[in-house]
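These notes are about the structure you will find just below.
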Amino acid sequence: MHVVTTIVVSRPGVMQQALRTSLAACPPIVVIASAGDGLTALRQIAAHHPALVVIDANLLPDESEALLAAIKAAPMPPRCLVFVQSSLHETLLLAAGADAVMRRDESAQELQATLARLTQP
706 MHVVTTIVVS RPGVMQQALR TSLAACPPIV VIASAGDGLT ALRQIAAHHP ALVVIDANLL
766 PDESEALLAA IKAAPMPPRC LVFVQSSLHE TLLLAAGADA VMRRDESAQE LQATLARLTQ
826 P
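Numbering (the numbering used here), first residue to last: 706 to 826.
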């Protein structure tokens, strides 16, 4: 089985833990690091070279947009899944380079289907 190394970017707390738990239920995802802000995320990405970065909706939209732009400017960037709170954020973050966006209230089955699409070898 192939492993998809993943970094979670989410403000520390209950939502970050819930996101990590949801991802852990989706093989072949292996969360190797977490970051609470965009700058820490960029350091983690440079150190670990993950295949996937999951960005939570609890970051400010401007921070998520800037983070995506920085990630996608790198050679061979990881795939990025971004959780959003509105259709406006969805449009902005797709334009900024997100490989997929999801509403936070979507089902576990939808999360698994989206992750399967993003992580196909």
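Positions of the beta carbon are idealized from the N, C-alpha and C atoms, including for glycine.
Rounded C-alpha distance that separates A657 from M807: The question about residue 657 has no answer, for the chain in this structure spans 706 to 826.
Inter-stretch contact at 8 Å, needing at least 3 Cβ pairs: the region 722 to 733 / the region 773 to 782: Contact between the region 722 to 733 and the region 773 to 782 is absent: fewer than 3 CB-CB pairs across the two stretches fall below 8 Å.
For D767, count neighbouring C-beta atoms within 10 Å of its own C-beta (all shown protein chains included) and say buried if the count is 16 or more, exposed if not. Exposed.
Mind checking whether T710 and P755 have CB atoms under 8 Å apart? Yes; because the gap between Cβ atoms is below 8 Å, this pair is in contact.
Residues bridged to I760 by DSSP? V714, V787.
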